[in-house]
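The structure appears below as C-alpha cells.
Protein chains in written order, with my numbering: chain A, 608 to 1370; chain B, 608 to 1370.
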C-alpha cells in the first residue's frame, strides 16, 4: 500500500491497532459465567463443553504408564524388531478403540555404525572406551546387544588424524573467539560440548572452518554432576552417558536426506549420498565425559575464557596443536523402513477438513521419556476419543492420529508422510497438533498465532494433576515466579483484554511439526509439559522405564494431562461451527516482529557506531594486555535504515481483516452447514498464504515466511526469517527483497480473510 | 530548610544543580594548552608541573623490584624477626634519602595457632592435612619453619563436634536459602567457600544462626583451576593453598580488638578478651580445596541451587546432618609489637598542614604481592621526593610517609597510630593517600569526592608503563571496553564538562584508610593498579617473589607507576596555593546517593507489592513442585514513603557553596600567605563536618556519615550508610533519624564552605 501518505498510514495503523488491542479482545475476556466458545453458537458451545468434560474423564495416568512400559521395554530405534512390534501393537490398539488404522511404510537412508574408534596419539596414547556402562539398578540398560551404540547419524565416513582443538559449544561466536586468539581449526579435529545451539551446527561449522573431524561430548556442568547427582543416585548423566542424535542439516530440509521435498516411496527419485546436502561432510562422534576428560586434560595452549569453562576438575585450554587424535568412523549406509502408524476417524459433516495429531514413537534406545512419555499419553487420548464416539460423539471433521517413526534421525516419518500427502494436506489440513516427550510441571505451547487464543481457552479448562488448579493457572504462576525473580509478577500487568492470554512461542524445528509448518504451511501447534524434573538421560541408553519410575513422572500423571489438553484442543477444532482461529493474535504478533526487526537494525547501527568509535579512540589497543596476543576487534556490520512502512501497512491491513473476521465468526450462527463447510475449508488453507514457493534464500524446502528453524540456531526459531537472518548476517539487499515477499504474503492473507468474512456475513 | 515551600525548593535545586552540572565545570574542562592547575596561580602552576615532571623521572621499576625482593624475602608477619629487620631497613633507607624517620611501636593482641585439628568422624573417619605443600619450583615456599600456618586470626578457641552443613558463601541470602529448604545450622559446623562477601561475616553469620564452628575453604571455581592453571603451571591457587585472613569484626571497629577508639600504647586501658566485641565467638579455620573436597563429597541431603555450585567434580549438597566433623582450635593469646615506620619531611610555609601517605608492609607469609608490590613502589616514591628535595624542591606542607605494620590482622598499625594521634590529625591532616598491593593493568581510585577532580587531573599526567599513553587514557579505554561488552563505550557520552572525569569509587574498608576516613573524617584516597594478572595466591604461602617473577608484574613496572601517581598527587596537595579540593564533585555525588536511596525505597515498595500479589494470587503455591519441600516465600519489608526534601535541600545548598568556593579558589591569586595558610587549615578540616560523634547505629567507632564498610558487606562500602542500611534492613524510623543527621551534616558543610569562600574573597 505504498501510495498512502505518511500521516494517513500512521493514522490507519493507530486506529486498527487500537481496535485490535482493546475493544474486541476485551469483549471476549469478559466472558459471562456460561461461556460461549469461540467458533460455536451458544447451544453448540454448551454441548461441546459437555462432551469435552466427558472426554477428559476417560484418560487414565495408569494406562498411559502401562503404554510407556510396553513401548519402551526394549531398544526400538528405526528398523529394529521392537519397533515393528510396537507399530503393530498400536495398530491393533487403535482398531480395538474403533479407529481405522494401518502402517504406512517409507524406505529411508538410515546409516548405522560399522567402525567407531577414537584414540589419542600424542602426547600419550590411549583409546576411548565408547561404551555406555549398564547400571546394576536398571535392568533395561543391560540389553546391550540390541542397543545402537552412541553415534551421530548422518556423520560422514572418515579416518582422520589431526591436532585436537576445544571449541566450547562450537557455535559461530566460539569460532570468532578462537580467531581472536589466533587459533585456526584448519586440519584439526574439533572437540565441542553439547549445548549452546543445535548439535548439527557443531560439525557443520567445524567443517566450514576447515576441521577434518568433530567430537561432541556432554560436559558435566551442563547435564552431569554440575546439575545434580548422576545415575543411579540422581537423574543426571553419568560419565559414560552419550547423547546420540542426528546431524542431518534439518534447517536446510527435514526427512530422508536422499529425497528432499518428495516422499521416500517406492520408485521415488533418490539423490546419491554424495549429493545429499543434509549429510555432514566430516566424521562426527558423540562421547560421554568419562571419555572426554583425558582428551580435554591433555590440551594445552592458552586458557579459555570464563564462558567456555565446563565442570571437569581442571583448567580448560584451547589446545596448542600438540595434542593429536586419530578417529575412524565407518557406517553401514543401509536403507531401513520407517513405519508410521496412521489412524483415522472420519468426520461427520466436513470429512474433507482434517485435524492431524502426532507424536513420534521411535527412540534412540529405550526412549522411555523421549518420546514415549508423550506417545503413551497420545494413545490414551486416542482411546478416549474412541470411547467417546461409542458414547455418541462424532467429530464434524476427520481426525488423523499418528505415531511417527524415524523422528530421531531427522523427522523422517512425519516428513516423508507429509511430503507424500502434500497435495491432500494442502487441500484439507486445518491443524496439526504435535507433542513429543512430556514431563512433570508446567504447560507450554508454541505454534501458529491464530491458534494462540484457543490454546489459552483450552488451558483454562484442563486440570493440572499436581495442583488441581487449571494448567493455565499453573503456567501463569510458574511464569510469574520465574520471570520476576524474587519478587514475581504474573498476567495482572498485561494489557486490558489479555490477562487471560499467556503468549505462546513460535515454532522452530526439532520435532515432527517441521514439515507441516515449514514446508507445507499447515497451521501447527506443539504442546507439552515440563520444568520439574531435570534429568540427563537425553538420547542415552539410560532413558528407560526404570529412570522414569525413579526420577521422572513416576505415575505418568502428565501423560494424562497431555491427553486431556491435546484431546480437548482437537475436539474444539473438530466440532466447531466455524474453525476457532483468531487472526487478531497473529496480526499483533507480526506487529511485534516488525518492532523487533526495527530494534535489531537500530541496535546493530548503535553497536557498529560504538565499535567504530572505540576503534577510532584506540580503546581496544589501549585496553589490551600486551602480554596476551589476542587480536583487536574490527568493525561490525552497519545496516542502512530499512523502510518498514509497507510491511507495517500490510500488518495493519491484516489486523483490520482479523477484527472483521472475528466479528463475522461471532455472528455466524445462522449460516448453513454447506456454507460453513465451504468457509471452513477456506479457513483451513489460510496459513498457506504465508508460503513462498521459492522458499527461503539458500533453502527452498523451507517455505514459510513467518517461522523457520534458524540457519545458525537449528531447532531455535527465527521469525520472519528471510528478513531477520539477512539483517543479522549483513545481507541488507536481501533483507529488502525478503521484506517485499513478507509484505506481499501478509497483504494476501489480509484480503483472503476479508473475502472469507464477506462470504460469512452475507446470506 | 523545612520552611521553604515546594516550588521554591524545586526551583532552587534546579538552579543550583544546573550551575553545578554545566557552566562552571564546563569552564574547567576547556583548559587551554598551557594549563593552570586547580588551586595554583598560573605561575605557580607552571613551576609545579615542572617539579612534578622532574619527580616522575626519578622512580625506577628495577629499584621497586629490588625493594620487593628484600622485603618479601622471608615470612614477615607481625612479631616476626623478618618484620623487625624490614622496619629497621626502611628507617635506614628513609634517613639515607633525607627524611626524618623512626619506628613507632604499639603492643597489640595477636593470637597465633597452638592447636589446629579438623577431622571427619562420620560417615567415615579422616583427618585434614592442613598443610601448604612447598613447590619444588619456588624456593621461598620451603621456609616452612617461619611461616604462620593457615588460620583466621581472632577466631575463638573451641573444641567442637557437630554435623557439617554447606552454606555456599555464608552470606545472609544463603541462610535465607537454607531456611527455605528447611535446614538449620543450629549446633552445626558450617562450611562456606571464600567469596561473595567479606570473610569475617562468614563465622559471624554462622554464629548468629546458631552454628558452633565454621570452616572457610577456597573453591577451585573461584580462584583455583576453574579460573586458570594452578601453581606451579599457572597463577591460580593449588589444592593445598589456604587463604589466611582476619575475622576481626572490622565493620564494627578496626585496630587492636582490645582498644577500640584509643591507641594501644603503654598504659592504655584494654578490654578483657571476652569483652572484645570484634573477636569471633566460635572457632573458624580456613582450608584449601584439597582438604575441603572429601568433606564436601561426604555431604548428602538436597542438592544445592545453581548459584551454590563450585568447581569440585561432584554434586554439591546442603548436608542432611549425617556428616559429622570434629574441630579443635586453640590459640596463643599473646601480645605482639606492631612496628610502624613513620618518616616526615617538614613543610616550608604551612608545616602544620599534613599530607599522610601509607601502605602496609606486613604480609601473612612472604606477601610479595600483598602488600609488598605496593610498599616497594611507595619506597621509590619516598626516595624520589628525597632526591627532589636535594634538587631544591620543598613541600609547603608537611609530608608524613608511613609503612604500616599489622594491617592483615585488622588494620592494626594504621588504626593504633591514627587513634594515638587523633587530636593532631584532626587539627592538621588535609589528606591521607593509601595504597596496598599494585599489579599490572588499569589505574583505579576510590576516596572522598572533593578529591575526584584532582585525582583525574593527576591521572591525565602520568604515563602508563605498558602502553605509554596516560594512565587516565588507559583507564578510560578499559572501562569503555569492559562496561559495554562487545560494542564498547567510553566517556564520549558523559555530560558536558565531565568527559575528562572518570568517577572514583567510595571507600569501604579492607585497607589502612579505614581509621582515617571512617573514624577520624580525614579526606582519604586509595590508589592502585590491576586487572591484567588474575592470581590465586592471596594470603597464602605462595605469594612470593618467585610468584611475582613468573605470574605477576615481573619487572615491577606498576611499582613505579604507583610511585609516579601517588607522588604526583601528594605534591599537588603539598605545593598548592589553595588546597585543590573541588566540592562540586562531592555535591553531585551526594545528589546521586539521594537518588539511589529514593530508588531503593521505590524498588522495595514495588518488590513488596508484587510479592504480596503473588502470595495473594497463590502463585508460589501453584508453581511449587509438590515433590520438593522448600517453603514458600513470605512478604517482603515494605518501606513507607520517606521524605527526602530536607536532605535534597541540604545537598542543593552544598552544591551552591561548592560553586562559590570554586570561584573563590580560582580567584585567590592575590591572597596573602598567612591567609592562605589559615584557609588551608580550615579546608583540611572540612571533611570533619561529616563525622557524627555518636557514630553509626550500633557501631560508635564508625563516625563518617557518608561512607562506611557495610554491616553485611564488610569491605564493601555503603554510602550514606545510616540511612541506607536502615532502609535495607527494614528499620524505617531509624532511617528517618539518620536522614536528619546526614541532612544536618551536609548543611553544616555547606555553611562552613560558604564562610571559607567569604574569607577567601574578601581582603
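For every residue, glycine included, the Cβ atom is placed at its ideal position computed from N, Cα and C.
Around the CB of residue 1234 (chain A), fewer than 16 other CB atoms lie within 10 Å, so the residue is classed as exposed. With a 10 Å radius around the Cβ and a threshold of 16 neighbouring Cβ atoms, residue 1300 (chain B) comes out exposed. For residue 1205 (chain A), the CB contacts under 7 Å within the same chain, skipping 5 residues up- and downstream, are 1251 in chain order.
Counting only Cβ-Cβ distances below 8 Å, residue 1088 (chain B) has contacts in chain A at 1221, 1226, 1227, 1230, in chain order. Setting aside the 5 residues that flank it on each side, residue 905 (chain A) is surrounded in the same chain by 727, 730, 731, 771, 930, each with a C-beta closer than 8 Å to its C-beta; the list follows chain order. Bounds of the alpha helix (DSSP H) holding residue 1154 (chain B) are 1152-1158. In this structure, residue 761 (chain A) lies near residue 887 (chain A), with their beta-carbon atoms less than 9 Å apart.
Secondary structure of residue 707 (chain B) (DSSP, three-state): strand.
Contact of residue 921 (chain B) with chain A by beta-carbon distance below 7 Å involves 832. In the assembly as shown, residue 1295 (chain A) is a buried residue. Its beta-carbon has 16 or more other beta-carbons within 10 Å. The C-beta of residue 1043 (chain A) comes no closer than 9 Å to any C-beta of chain B. At a Cβ-Cβ threshold of 9 Å, residue 1321 (chain A) and residue 858 (chain A) count as neighbours. Just so you know, the alpha carbons of residue 1352 (chain B) and residue 1298 (chain B) end up roughly 8 Å apart.
In this structure, the straight-line span from the alpha carbon of residue 1054 (chain A) to that of residue 1130 (chain A) is close to 8 Å. Between the stretch 941-960 of chain B and the stretch 998-1005 of chain B, the count of Cβ pairs shorter than 8 Å is three or higher; the stretches touch. Distance from the CA atom of residue 817 (chain A) to the CA atom of residue 889 (chain A), rounded to whole angstroms, is 10 Å. By the neighbour-count criterion, in which 16 or more other beta carbons inside 10 Å mark a residue as buried, residue 793 (chain B) falls on the exposed side. Nearest to residue 716 (chain B) by C-alpha distance, out of B:747, B:1151, B:1017, B:1254, is B:1017.
At least 9 Å separates the CB of residue 884 (chain B) from every CB of chain A. Contact with chain A is absent for residue 1115 (chain B), since none of that chain's Cβ atoms lies less than 9 Å from the residue's Cβ. Residue 837 (chain A) and residue 1142 (chain A) have their C-alpha atoms some 9 Å from each other. Residues of the same chain with a CB within less than 7 Å of the CB of residue 748 (chain B), apart from the 5 flanking positions on each side, are 741, 742, 1148, 1149, 1151 in chain order. Shortest Cα-Cα distance from residue 1213 (chain B) to any of B:959, B:1244, B:778, B:1369 involves B:1244. Contact of residue 788 (chain B) with chain A is not assigned, every C-beta pair being separated by 9 Å or more.
Across the stretch 1071-1086 of chain B, CB contacts with chain A closer than 7 Å involve 1073, 1074, 1076, 1080, 1081, 1084, 1085, in sequence order along the chain. Chain-order list of chain A residues neighbouring residue 1233 (chain B): 1073, 1074, by C-beta distance under 8 Å.
For residue 1137 (chain A), the CB contacts under 6 Å within the same chain, skipping 5 residues up- and downstream, are 1046, 1048 in chain order. Per DSSP, the unbroken alpha helix (DSSP H) holding residue 676 (chain A) starts and ends at 668-678. Taken atom to atom, the span from the alpha-carbon of residue 944 (chain A) to that of residue 1188 (chain A) is near 37 Å. The C-beta distance from residue 745 (chain A) to residue 1145 (chain A) rounds to 16 Å, too long to fall under 8 Å, and the pair is not in contact. The three-state secondary structure of residue 1037 (chain A), taken from DSSP, is strand.
Proximity of chain B to residue 775 (chain A) at the Cβ level (cut-off 9 Å) is not reached, the minimal Cβ distance being about 15 Å. When only Cα atoms are considered, residue 862 (chain B) and residue 868 (chain B) end up about 9 Å apart. Listed in chain order, the non-local C-beta contacts of residue 707 (chain A) below 7 Å within the same chain comprise 950, 951, local neighbours out to five positions each way being set aside. Close to residue 910 (chain B), with beta-carbon spacing below 9 Å, are these residues of chain A in chain order: 834, 835, 836, 841. The beta carbon of residue 827 (chain B) sits closer than 9 Å to some beta carbon of chain A.
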